[in-house]
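Those protein sequences? They're chains A and B, same order as listed.
For what it's worth, our numbering labels the leading residue of the first sequence as 195, then goes sequentially.
For what it's worth, our numbering labels the leading residue of the second sequence as 21, then goes sequentially.
Virtual Cβ for every residue (Gly too), placed ideally from N, Cα, C.
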Amino acid sequence: MNQKQNAANQSSLNEWPLWEVFVRSKSGLDHKHCGSLHAADAPMAIQLARDVYTRRLEGCSVWVVRSDQIVASDPADKGMYFDPMEDKVYRHPTFYKLPSEVDHM
Amino acid sequence: MTTPSIQVQQAPTVQYLLRLGDTALILGQRLGEWCGHAPVLEEDIALSNIALDLIGQSRALLSRVGQLEGLGHHEDQLAFLREERDYRNVTMAELPNGPGRPGDFAFTVLRNAMLATWFRLLWERLGDSSDSELAAIAGKAVKEARYHQQHSCDWVVRLGDGTEESARRMRAALDTLWRYSAELFESDDVDAAAAANGLGPRWDALREPWLAEMRELLAEAKLPMPADTAFRSTGKRGVHTEHMGYILADMQYLQRAYPGGVW
Chain A
195 MNQKQNAANQ SSLNEWPLWE VFVRSKSGLD HKHCGSLHAA DAPMAIQLAR
245 DVYTRRLEGC SVWVVRSDQI VASDPADKGM YFDPMEDKVY RHPTFYKLPS
295 EVDHM
Chain B
21 MTTPSIQVQQ APTVQYLLRL GDTALILGQR LGEWCGHAPV LEEDIALSNI
71 ALDLIGQSRA LLSRVGQLEG LGHHEDQLAF LREERDYRNV TMAELPNGPG
121 RPGDFAFTVL RNAMLATWFR LLWERLGDSS DSELAAIAGK AVKEARYHQQ
171 HSCDWVVRLG DGTEESARRM RAALDTLWRY SAELFESDDV DAAAAANGLG
221 PRWDALREPW LAEMRELLAE AKLPMPADTA FRSTGKRGVH TEHMGYILAD
271 MQYLQRAYPG GVW
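Here you go:
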């Protein structure tokens, strides 16, 4: 094992895992990602999320999830994944004439 | 050049509220010493939140003391301009966090667990106080105390049932703190009067429910239930340890040097 790997293993032994925090600002709205924190386990992560991210009345519910449990798209794929949508405005439903009885679509 | 001290009334109602308000005030100040020094950033914020909750409770109680006293004292004067003998916090709250600064984390969280449990039991009962103002303060504070209890008891279990080092520190903290718990449950004229006029419970009525919760907590934390001792601390009667003068010097310096100073 080289020195760099050794150091990385040491720090993962001494550091609590990272958790992503999602806060619901009020009933009926979605939980929104608002940041991350370190905690030893799930109950501690919930408590610390409450202490770190809801101290100014930001929320009525929190979710936490281990950061390493999130599967994310590869930034290198950004070009082929997302750029092709730039010129496809016809995918927005704005080209239809709605009957007047249908409000606020 | 310094601001003169104020004298407070000795009426039992005033004294009963001062005991609560001063315990919250001094414990809040002790927890504030962790700000910027806690083991991890997240816990730093958690401890400061608890400290600020306690200062908030103290402000409400001291303001009520000022109203009941009728001498025109406001919360700042009561918090900062009394002589040591006129502070009525229980001794446990004024003990340093441990050797050096900011102190010992195990000691800090165990004291929080012991006092948060005690406060929660008190606030639950004070919700029915004959003083509607105090009942309203209790209604808000009991929610805060429930969280303080959960957060600190979690730590007691983690550390008590943790590593050899954490368990050793937790046992040492328990040995130091336990003998100061007797003061929390001794009744005298002050709480007898409060119970008689419906202001709040006699403190000895809290003993059994508190012990039951401690027994459960210590068992979960794999810590031994300490034996009772004959020692009785006397902070609530104004007779403090040698640590009290230092904490008051910290707290009072600004108000004494710059009378009436505000943010």
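Residues near residue i by beta carbon distance below 7 Å, same chain, minus five either side
| i | result |
| --- | --- |
| residue 23(B) | 101, 275, 276 and 279 |
| residue 93(B) | 26 and 86 |
| residue 267(A) | 275 |
Closer than 8 Å to chain B by CB, residue i
| i | result |
| --- | --- |
| residue 232(A) | yes |
| residue 237(A) | yes |
| residue 242(A) | yes |
| residue 262(A) | no |
| residue 256(A) | no |
| residue 246(A) | yes |
| residue 249(A) | yes |
| residue 292(A) | no |
Proximal residues to residue i (C-beta, below 6 Å), its chain only, five neighbours per side dropped
| i | result |
| --- | --- |
| residue 249(B) | 199 |
| residue 243(A) | 215, 256 and 258 |
| residue 71(B) | 48, 51 and 52 |
| residue 122(B) | 53, 54 and 57 |
| residue 186(B) | 179 |
| residue 21(B) | Note that residue 21(B) scores a pLDDT of 46, beneath 50, so its modelled location is shaky and nothing firm can be said. |
| residue 239(A) | 213, 233 and 258 |
| residue 193(B) | 126, 127 and 130 |
| residue 43(B) | 109, 110 and 113 |
| residue 240(B) | 177 |
| residue 181(B) | 241 and 242 |
| residue 265(A) | none |
| residue 46(B) | 109, 113 and 114 |
| residue 165(B) | 136, 139, 140 and 143 |
Residue-level contact to chain A via CB, residue i, 8 Å cutoff
| i | result |
| --- | --- |
| residue 21(B) | Low per-residue confidence applies at residue 21(B): pLDDT is 46, beneath 50, and the placement is therefore not dependable, though the value from the model is reported in the following sentence. It does not; no Cβ of chain A falls within 8 Å. |
| residue 66(B) | yes |
| residue 53(B) | no |
| residue 94(B) | no |
| residue 85(B) | no |
| residue 240(B) | no |
| residue 333(B) | No answer is possible for residue 333(B): the residues shown for chain B start at 21 and end at 283. |
| residue 69(B) | yes |
| residue 162(B) | no |
| residue 236(B) | no |
| residue 28(B) | no |
| residue 259(B) | no |
| residue 282(B) | no |
| residue 355(B) | For residue 355(B) there is no data in the structure shown, the boundaries of chain B being 21 and 283. |
Residue i, buried or exposed, once every other Cβ within 10 Å from all chains shown has been counted against 16
| i | result |
| --- | --- |
| residue 289(A) | exposed |
| residue 251(B) | exposed |
| residue 137(B) | buried |
| residue 282(B) | exposed |
| residue 135(B) | buried |
| residue 163(B) | exposed |
| residue 119(B) | exposed |
| residue 255(B) | buried |
| residue 195(A) | Low per-residue confidence applies at residue 195(A): pLDDT is 45, beneath 50, and the placement is therefore not dependable, though the value from the model is reported in the following sentence. Burial call: exposed. |
| residue 263(A) | exposed |
| residue 151(B) | buried |
| residue 36(B) | buried |
| residue 30(B) | exposed |
| residue 247(A) | buried |
| residue 285(A) | exposed |
| residue 223(A) | exposed |
| residue 250(A) | exposed |
| residue 183(B) | exposed |
| residue 264(B) | buried |
| residue 279(A) | exposed |
Neighbourhood of residue i by C-beta, 8 Å cutoff - its chain only, sequence neighbours within 5 removed
| i | result |
| --- | --- |
| residue 258(B) | 104, 105, 106, 107 and 108 |
| residue 155(B) | 146, 147, 148 and 149 |
Worksheet item: According to a CB-to-CB cut-off of less than 8 Å, which residues of the segment 173–188 of chain B neighbour chain A?
Response: Those residues of the segment 173–188 of chain B that come within reach of chain A (Cβ to Cβ, closer than 8 Å) are 174 and 178.
Discussion item. Just to confirm the assignment: which complete alpha helix (DSSP H) runs, minimum length 4, are found wholly within the segment 86–157 of chain B?
Written reply: If we require 4 residues or more, the alpha helix (DSSP H) runs fully inside the segment 86–157 of chain B come out as 95–100, 111–114 and 125–146.
Discussion item. Any C-beta of chain B within less than 8 Å: which residues of the segment 206–230 of chain A qualify?
Written reply: Of all residues in the segment 206–230 of chain A, 210 have a Cβ within less than 8 Å of some Cβ in chain B.
Worksheet item: Listed from N- to C-terminal order along the chain, which residues in the segment 119–144 of chain B have their beta-carbon within a distance smaller than 9 Å of any beta-carbon of chain A?
Response: Listed by position, the residues of the segment 119–144 of chain B near chain A (Cβ gap below 9 Å) amount to none.
Discussion item. Restricting to runs no shorter than 3 residues, where is the beta strand (DSSP E) found entirely within the segment 170–214 of chain B?
Written reply: Those beta strand (DSSP E) runs which fall completely within the segment 170–214 of chain B and span 3+ residues do not exist here.
Discussion item. For a minimum of 4 consecutive residues, which ranges assigned as the alpha helix (DSSP H) are wholly contained in the segment 233–297 of chain A?
Written reply: Qualifying alpha helix (DSSP H) stretches, in chain order: 236–247 and 272–276.
Fill in: Every unbroken alpha helix (DSSP H) inside the segment 229–278 of chain B [4 residues or more]
As for any alpha helix (DSSP H) of minimum length 4 sitting wholly inside the segment 229–278 of chain B, the runs are 263–277, ordered along the chain.
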